[in-house]
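Residue numbers (the numbering used here): 239 to 585.
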């Protein structure tokens with residue numbers, strides 16, 4: 239079995255580290271892990287979770303890249319500081335898995351994509367929903383033509399407003415536009431926006447809508463965004479992205495076509511009775527509404543990271559390319575411009 243070495247570049251406010259360490263501990267293709275954190279804050283957690291897989295820890299990123307010589311580097315940095323960390327890993331000849339959004343300007347990520355392509359390296363943005371069984375089944379149905387010509391898309395991803403009332407959250411980089419690039423849309427809505435393009439196989443070409451702070455909490459990023467979207471295949475879509483609930487999530491994607499429809503529903507880490515429902519008039523027609531009864535995987539980021547590791551070991555294609563990550567970032571930043579200017583803009 240092909241195995242690789244994985245490096246982690248992070249700092250004291252790195253996101254999702256617990257989930258990432260758990261994924262690397264579980265993934266069979268990970269030989270060992272080296273971790274760089276100038277604060278050293280994450281070292282005890284890394285040791286507890288990774289055990290013997292943790293080969294070394296470093297406070298200096300350059301030393302980790304030089305001495306640890308990882309094949310794949312996982313970068314979990316606040317967005318404004320992420321591009322130089324990603325570039326350093328690419329310059330060292332490493333594939334990169336990047337915590338989203340990985341930049342506060344699309345141009346910064348585009349430069350990194352070009353560098354990765356020139357070096358023949360994978361640059362994979364952390365959009366883990368792509369690999370869930372229900373999403374894969376939905377993509378298969380659409381690619382087989384079970385919905386016919388795609389007509390329209392309606393999606394929403396709603397999280398809790400409660401987190402925005404915490405003083406600790408107010409100080410976090412997620413709540414500051416200069417450090418995060420945006421709010422709910424670029425942190426959570428990005429997943430669903432990516433899925434609409436991934437499932438339909440069509441890029442978003444025009445955007446319009448509204449973004450703002452409807453809850454009134456002392457943050458300078460949007461807690462609400464309403465997007466109108468035009469896709470390259472001629473279809474239209476809408477996305478609602480916001481912090482509205484007291485707890486948990488409300489999330490779904492509905493896609494309609496000339497030959498049927500489907501609905502994908504997810505409650506973060508919780509089983510949904512039927513995460514995917516669909517109906518088709520394309521022969522062979524369905525007998526009413528079909529409910530997907532495939533497996534449920536509650537492990538969050540683990541399946542996606544394992545697929546990224548396998549791609550870097552040369553065992554399969556990457557679950558996301560640098561260009562696919564770039565297109566969703568370009569769409570988001572273009573939407574922010576459109577909302578600020580009050581007009582429709584081409585992506």
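For every residue, glycine included, the Cβ atom is placed at its ideal position computed from N, Cα and C.
How about residue i and residue j: do their beta carbons lie closer than 8 Å?
i	j	result
residue 322	residue 341	no
residue 530	residue 393	no
residue 444	residue 338	no
residue 377	residue 335	no
residue 498	residue 518	yes
residue 255	residue 375	no
residue 449	residue 423	yes
residue 446	residue 581	yes
residue 495	residue 391	no
residue 299	residue 274	yes
residue 363	residue 491	no
residue 441	residue 470	yes
residue 579	residue 481	no
residue 434	residue 386	no
residue 397	residue 426	yes
residue 351	residue 561	yes
residue 547	residue 310	yes
residue 477	residue 431	yes
residue 493	residue 569	no
Under the three-state reduction of DSSP, which class applies to residue i: helix, strand or coil?
i	result
residue 367	helix
residue 519	coil
residue 570	helix
residue 584	strand
residue 248	strand
residue 558	coil
residue 432	helix
residue 243	strand
residue 253	coil
residue 264	helix
residue 385	coil
residue 439	coil
residue 390	strand
residue 275	coil
residue 419	coil
residue 446	strand
residue 397	strand
residue 426	helix
residue 551	coil
Spatial neighbours of residue i within its chain, please: C-beta separation below 8 Å, excluding the five flanking residues on both sides.
i	result
residue 553	240 and 267
residue 545	369, 554, 556 and 557
residue 543	258, 261, 262, 265, 312, 335 and 366
residue 411	251, 316, 317, 318, 417 and 418
Short of 6 Å in beta carbon distance, which residues of its chain neighbour residue i, apart from the five on each side in sequence? Order them along the chain.
i	result
residue 489	395 and 504
residue 346	321
residue 401	407
residue 295	273 and 281
residue 348	564
residue 500	376, 493 and 516
By Cβ distance, which residues of its chain are closer than 7 Å to residue i, with the 5 residues on each side in sequence left out?
i	result
residue 308	243, 244, 245, 272 and 332
residue 252	280, 314 and 315
residue 288	259, 262, 263 and 271
residue 574	420 and 449
residue 541	369 and 535
Counting Cβ pairs closer than 8 Å, one from the stretch 323–337 and one from the stretch 260–270, do we hit at least three? no
Within the stretch 295–383, note down every full beta strand (DSSP E) run reaching 3 residues or more, in order along the chain. 310–314, 333–336 and 361–363
Does the count of Cβ pairs from the stretch 451–461 and the stretch 411–420 closer than 8 Å reach three? As far as the Cβ criterion goes, the stretch 451–461 touches the stretch 411–420, which means the pair count is three or higher.
Which full runs of the beta strand (DSSP E) of 3+ residues lie inside the stretch 453–533, going along the chain? Entirely contained in the stretch 453–533, the beta strand (DSSP E) runs reaching 3 residues are, in chain order, 462–469, 474–483, 488–495, 498–503 and 514–518.
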